[in-house]
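So the protein sequences, as listed, match chains A and B.
Just so you know, the first sequence maps onto residues 287 to 616 in my numbering.
Just so you know, the second sequence maps onto residues 287 to 616 in my numbering.
Glycine is no exception: its CB is placed at the ideal position from the N, C-alpha and C atoms.
This structure is a prediction, so every number in the text was calculated from the model and none was measured.
There are 2 protein chains.
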Amino acid sequence: MRMLINVPETVVADGLRGMAAAHPELTVDVENRVVVRRDAPVAGKVALVSGGGSGHEPLHAGFVGPGMLSAACPGEVFTSPVPDQMVRAAAAVDSGAGVLFVVKNYTGDVLNFEMAAELADEEGVQVAQVLVNDDVAVTDSLFTAGRRGTGATLFVEKIAGAAAEESAPLDRVAALARQVNEASRSFGVALTSVTTPAKGSPTFDLPPGELELGVGIHGEPGRERRPMMTSREIADFAVDAVLEDLRPRGPVIALVNGMGATPLLELYGFNAEVQRVLSERGVVVARTLVGNYVTSLDMAGCSVTLCQVDEELVRLWDAPVQTPALRWGR
Amino acid sequence: MRMLINVPETVVADGLRGMAAAHPELTVDVENRVVVRRDAPVAGKVALVSGGGSGHEPLHAGFVGPGMLSAACPGEVFTSPVPDQMVRAAAAVDSGAGVLFVVKNYTGDVLNFEMAAELADEEGVQVAQVLVNDDVAVTDSLFTAGRRGTGATLFVEKIAGAAAEESAPLDRVAALARQVNEASRSFGVALTSVTTPAKGSPTFDLPPGELELGVGIHGEPGRERRPMMTSREIADFAVDAVLEDLRPRGPVIALVNGMGATPLLELYGFNAEVQRVLSERGVVVARTLVGNYVTSLDMAGCSVTLCQVDEELVRLWDAPVQTPALRWGR
C-alpha cells in the first residue's frame, strides 16, 4: 500500500483531527463525525446539511462555511454516514428556519438520510431533501437505483447555500436545489483504478493503456472501456455524453473536476479541450471551475459537469463563499 | 502512459489555454508563456515575478493575483523558463517601483533569472532577487548547488506579495522575502515516483513498499530509502528533520503539502500527525495550510514546510489574497 495513513481503521478520524487543526473556523466533532460552521445556528437562516462516504474530499466537509453547507457528515470511506450523524448535524445547525438535506443518489445514503429526516422531524426540525442524480453514464449502478450523484453536488450546495445565506425560506432553497440538480449533468473518466485503505489493492482492474468511460466516483463501472485516448478525444466523448442528455438552451457553468491523482497541469489542459468542444457545439460558458473537488481517493481521471443557468443562478454562483475548498467574494 | 494529455509537446501550452479559459481575471499570454494579473502594472506597487519548470501546479501561475505574484513564467515541465519570459513579465508588471524576482534554487532557474535581471536592468527596470532554498534534505542535488527551493516559495510569495500590495518599497519587499526564506525549512517524502509527459515512464525507480525520505520536487534523490512507514512515523521523521535545521524560537506557520497524487483525506490525516509532533516538541503553530500547492505531477507523497514567524509576518500572511489557488480575506 502506498498510502499516507496509520491504519485503515482510523483514516476518517485522523482526517477529521487534521481538518480541525487546519480550520479553526469550523467545529469538528471527531467522535461523532460532524463538521459544523462555527457560527451555526445562524438566526433566521435555513441550514444545509450534506454528507456521504469519505474519500471524495474536499466534498463534503471542505464545503462547510458561510455561503455553502452548514454541516457535513462524513461516513467511512465510500460508505454512507449513519442517521445519528445527520440528526446531530441538523440539531446543531437548525435556527428554526429548517434544514435542507443534500443527498447523493446512492442506496445507503438515500435510506439513511430518509431515516434521519424522520427522526429530525420527530425532534421538531423541519427537514426538506434534495436528491442529486446528475451522472449520465449509466442508469442503475453498483450502489444506485437510477443515476448516480456526482459533480452536480457542488453546484447544488453552492447555489442553494447562497440562497440560504440570503435568508431565502426553506421551500425556496429546496426548490432551487432541485432546479440546479435537474439542470446539471456529469460524465466521468478513469485513467486508473482506485485503492481504498481497507482493501489495500485496486477496487477494479484497469489495465495500463485502457480507460473507463463513464466511471463512478467509487470506481463503479461506466459505459465502456477503450484503449487510451487523447485529452481532446476524452473531452469530445464526455462533453457530448453530457450535452446529449442535458440539451442546454442557455449558458452553462462548467466544472472540470479531477478525480484526485491527475495533475492540475493536465486538468487545465483538459479544460482547454472541454471549452473547445462546448464552443464547437454552440454552448456559451458563463463560469468555469477547474480543480479536484469531487474526488475518488487516488484515482487518476476527470469528470465534466455542466449546469444550465439563468441570470439568477449565475448571481448565486458568484455570491460570496468562505469554505476550506471554495472561497471567493467578501 | 496514464495521462490526460494530447501530446507531450503541447502540455504546457494546453494548460495555459485552459487556465486562460477558467480565469478571466488573469492575462495569459500562451505564446510567450507569461501569466499576469489583469490590472498590472499597479501604480506605485512593487511587482513580484516568479517562475520555474511546469509540473508543480498551482505553483507559480496559480499564485498570480492581488496580494501575491504580479506575474509567473512557466517553463517546460521540470525545466527553467527562459530569460525572455522573465524580461517580458517584468516589463508588463513594472509600475516604476521595481520588480522582485522570486527564484527557486535550481541551477537553470538561477542562471536564467540572473540573465533576465541584467536584461531588465538595461531596459530601465529596477530588479531585486530572492533565492529560495529551504529543503533541508540534501545539500547539492541533481539540479542544484546548495539546498533546493520547495515549499517555502509559497510563504515567500504570499508574505512579500502582501507587503508589496501595501506599497512597501522594493528594498523592504526584498528584505522580507529573504527573511521569510531564511526562517523557512522543508522536507519531502515520496510514496511513488513521478512520470513526466516527455519520458512517459517513472523518472526514478521506487519499489512498492518503499518510500524516499527527502525527495525533491522533480523526483531527485533524498536522504534514504526505507520500507513503508506510517503517517505517524513519516511525520516524526519529516518534522524532526525540519526542526533540527530550523530550531525555531517562536511560533511557526505550517504548510502540509501534497505532491499531487495523495488524497486530501490522507493529507489531513498527516496534518494531524504533524501537529502532534510539533506539540510534543513544544512548537506553537500560528497558522496551518493543508493541500496540494507545490506538487510534482503525479507523485504520491507529501512535504512539510515550517516558517518561523513574528506578529508582522502573521499579519502579512493573513492579509487578503485573491489568486486561483490561494484566496482569503476581502
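Exercise. In the stretch 337-424 of chain B, which residue ranges form an unbroken alpha helix (DSSP H) of at least 4 residues, counting only runs that do not cross its ends?
Worked result: 369-379 and 393-408
Exercise. How many whole angstroms separate the CB atoms of B:S582 and B:G486, which I take to be in contact at a CB cut-off of 8 angstroms?
Worked result: For the purposes of this step, residue 582 of chain B is taken as the residue at position 296 of the second sequence. For the purposes of this step, residue 486 of chain B is taken as the residue at position 200 of the second sequence. About 16 angstroms; that fails the 8 angstroms criterion.
Exercise. Per DSSP, which one or two residues make a beta bridge with B:I539?
Worked result: Here residue 539 of chain B refers to the residue found at position 253 when the second sequence is read from its first residue. Answer by DSSP bridge pairing, in chain order: B:R573 and B:C593.
Problem set entry | Residues that B:D315 bridges to, as DSSP identifies them | By 1-based counting over the second sequence, the position of residue 315 of chain B is 29. B:D315 pairs with B:V320.
For this session: Check each residue of the stretch 572-592 of chain A: if its Cβ is closer than 8 angstroms to any Cβ of chain B, include it; give the result in chain order.
Result: T574, L575, V576, N578, T581, L583, D584, A586, G587 and C588
Exercise. Count the other CB atoms within 10 Å of the CB of B:G410; is the residue buried (16 or more) or exposed (fewer)?
Worked result: In the second sequence, counting from the first residue as 1, residue 410 of chain B sits at position 124. B:G410 should be labelled exposed.
Exercise. Under 8 angstroms, do B:P327 and B:V379 count as touching if we go by C-beta distance?
Worked result: Working through the second sequence from its first residue, we reach residue 327 of chain B at position 41. Working through the second sequence from its first residue, we reach residue 379 of chain B at position 93. Contact flag set, yes.
For this session: With a cut-off of 8 angstroms on the beta carbons, I'd call B:G435 and B:Y392 a contact; round off their distance for me.
Result: Locating residue 435 of chain B in the second sequence gives position 149, counting from the first residue. Locating residue 392 of chain B in the second sequence gives position 106, counting from the first residue. Their Cβ separation, rounded to whole angstroms, is 7 angstroms, which keeps B:G435 and B:Y392 in contact under 8 angstroms.
For this session: Note down, in chain order, each residue of its chain lying with its Cβ closer than 7 angstroms to the Cβ of A:F364, except the 5 sequence neighbours on either side.
Result: To locate residue 364 of chain A, count along the first sequence from 1; it is residue 78. Contacts found: G339, G341, T482 and H504.
Exercise. What's the C-alpha gap between A:N398 and B:S381?
Worked result: Against the first sequence, residue 398 of chain A aligns to sequence position 112. Against the second sequence, residue 381 of chain B aligns to sequence position 95. Taking the straight line from one Cα to the other gives about 59 angstroms.
For this session: Please name the residues in the stretch 288-302 of chain A whose beta-carbon is closer than 7 angstroms to at least one beta-carbon of chain B, in chain order.
Result: R288, M289, L290, I291, N292, V297, D300 and G301
For this session: Check whether the Cβ atoms of B:D300 and A:G555 sit closer than 8 angstroms, and answer yes or no.
Result: By one-based count along the second sequence, residue 300 of chain B stands at place 14. By one-based count along the first sequence, residue 555 of chain A stands at place 269. Contact flag set, yes.
Problem set entry | One or two residues paired with A:Q608 in a DSSP bridge | Mapped onto the first sequence, residue 608 of chain A falls at position 322. DSSP, once it has assigned bridges, lists A:R613 as partnering A:Q608.
Exercise. A:A438 and A:A463: beta carbons closer than 8 angstroms?
Worked result: The count along the first sequence starts at 1 and reaches residue 438 of chain A at position 152. The count along the first sequence starts at 1 and reaches residue 463 of chain A at position 177. No.
Problem set entry | Identity of the residue in B:G348, B:D407 and B:G351 nearest B:M372 by Cα | As a first step, residue 372 of chain B is located in the second sequence; it is residue number 86 there, counting from the start. If we check each option's Cα against that of B:M372, B:D407 comes out closest.
Exercise. What does a CB cutoff of less than 7 angstroms around B:A347 pick up in its chain, not counting 5 residues either side in sequence?
Worked result: On the second sequence, position 61 is the one that residue 347 of chain B refers to. Answer for B:A347: M305, V321, A358 and P360, listed in chain order.
Exercise. Excluding five sequence neighbours on each side, which residues of the same chain lie with their C-beta closer than 6 angstroms to the C-beta of B:A540?
Worked result: As a first step, residue 540 of chain B must be located in the second sequence, where it is residue number 254. If we look at B:A540 and ignore the five residues flanking it on each side, its Cβ neighbours are V571, T574 and L592.
Exercise. Do the stretch 544-551 of chain B and the stretch 514-532 of chain B touch if we need at least three Cβ pairs shorter than 8 angstroms?
Worked result: no
Exercise. In angstroms, rounded to a whole number, what distance separates the CA positions of A:G500 and A:V560?
Worked result: The count along the first sequence starts at 1 and reaches residue 500 of chain A at position 214. The count along the first sequence starts at 1 and reaches residue 560 of chain A at position 274. One C-alpha to the other measures close to 16 angstroms.
For this session: Could you list which residues in chain A have their beta carbon closer than 8 angstroms to that of B:T516, in chain order?
Result: Reading the second sequence from its first residue, position 230 is the one you call residue 516 of chain B. Chain A residues near B:T516: I291, N292 and V293.
For this session: For my contact list, A:V538 and A:V590 are in at a C-beta cut-off of 8 angstroms; report their separation, rounded to the angstrom.
Result: As a position in the first sequence, residue 538 of chain A is number 252, starting the count at 1. As a position in the first sequence, residue 590 of chain A is number 304, starting the count at 1. Not confirmed; about 10 angstroms, so no contact.
Exercise. Which residue comes first and which comes last in the alpha helix (DSSP H) that contains A:G447?
Worked result: For this step, residue 447 of chain A is matched to residue 161 along the first sequence. A438 to E451 is the span of the alpha helix (DSSP H), which, as asked, contains A:G447.
Problem set entry | Opening and closing residue of the alpha helix (DSSP H) in which B:L499 lies | Working through the second sequence from its first residue, we reach residue 499 of chain B at position 213. Not the alpha helix (DSSP H): B:L499 falls in the beta strand (DSSP E), residues E496 to L499.
For this session: Compare the C-alpha of A:R512 against each of A:G502, A:V388 and A:G495 and name the closest.
Result: As a first step, residue 512 of chain A is located in the first sequence; it is residue number 226 there, counting from the start. Residue A:G495 is the option with its Cα nearest to A:R512.
Problem set entry | chain A contact for B:W614 (CB, 8 angstroms cutoff) | Reading the second sequence from its first residue, position 328 is the one you call residue 614 of chain B. Chain A contact via Cβ: present.
Exercise. What residues match up with A:T430 in a beta bridge as DSSP calls it?
Worked result: In the first sequence, residue 430 of chain A corresponds to position 144, counting from 1. Paired residues: A:S427.
For this session: Could you check what DSSP says for B:E506 in three-state terms: helix, strand or coil?
Result: By one-based count along the second sequence, residue 506 of chain B stands at place 220. Here B:E506 sits in coil by DSSP.
Problem set entry | A:D343, buried or exposed, once every other Cβ within 10 Å from all chains shown has been counted against 16 | If you number the first sequence from 1, residue 343 of chain A lands on position 57. In the sequence on display, residue 343 of chain A carries Glu and not Asp. Looking at its Cβ environment, which holds 16 or more other Cβ atoms inside 10 Å, A:E343 is buried.
Problem set entry | Alpha-carbon spacing of A:A383 relative to A:G330, whole angstroms | For the purposes of this step, residue 383 of chain A is taken as residue 97 along the first sequence, with counting starting at 1. For the purposes of this step, residue 330 of chain A is taken as residue 44 along the first sequence, with counting starting at 1. For A:A383 and A:G330, the distance between alpha carbons rounds to 6 angstroms.
Problem set entry | Per-residue contacts from A:E552 into chain B (C-beta, under 8 angstroms) | Within the first sequence, the letter at position 266 stands for residue 552 of chain A. Within 8 angstroms Cβ-Cβ: M289, L290, I291, V297 and G301.
Problem set entry | CB contact below 8 angstroms: B:T263 versus chain A | For chain B, the structure presents residues 287 to 616; residue 263 of chain B sits outside this window and is missing.
Exercise. How is the alpha helix (DSSP H) around A:G330 delimited, first residue to last?
Worked result: Mapped onto the first sequence, residue 330 of chain A falls at position 44. It is not in any alpha helix (DSSP H) - A:G330 carries neither H nor E in the DSSP assignment.
Exercise. Looking at the unbroken alpha helix (DSSP H) that takes in A:G474, where does it start and where does it end?
Worked result: Position 188 of the first sequence, counting from 1, holds the residue named residue 474 of chain A. A:G474 -> not in any alpha helix (DSSP H); beta strand (DSSP E) instead, spanning S470 to A476.
For this session: Determine the contact status of A:S377 and A:V335, defining contact as a CB-CB distance below 8 angstroms.
Result: Position 91 of the first sequence, counted from the first residue, corresponds to residue 377 of chain A. Position 49 of the first sequence, counted from the first residue, corresponds to residue 335 of chain A. The sequence shown places Ala at residue 377 of chain A, rather than the Ser named in the question. Not a contact, by the Cβ cut-off of 8 angstroms.
For this session: Note down, in chain order, every chain A residue with its Cβ under 8 angstroms from the Cβ of B:I503.
Result: Position 217 of the second sequence holds residue 503 of chain B. Simply none; closest approach about 12 angstroms.
For this session: Output yes if chain B places a C-beta closer than 8 angstroms to the C-beta of A:T482; else output no.
Result: Counting from one through the first sequence, the residue named residue 482 of chain A turns up at place 196. Taking Cβ atoms only, chain B never reaches closer than 8 angstroms to A:T482, which makes this a no.
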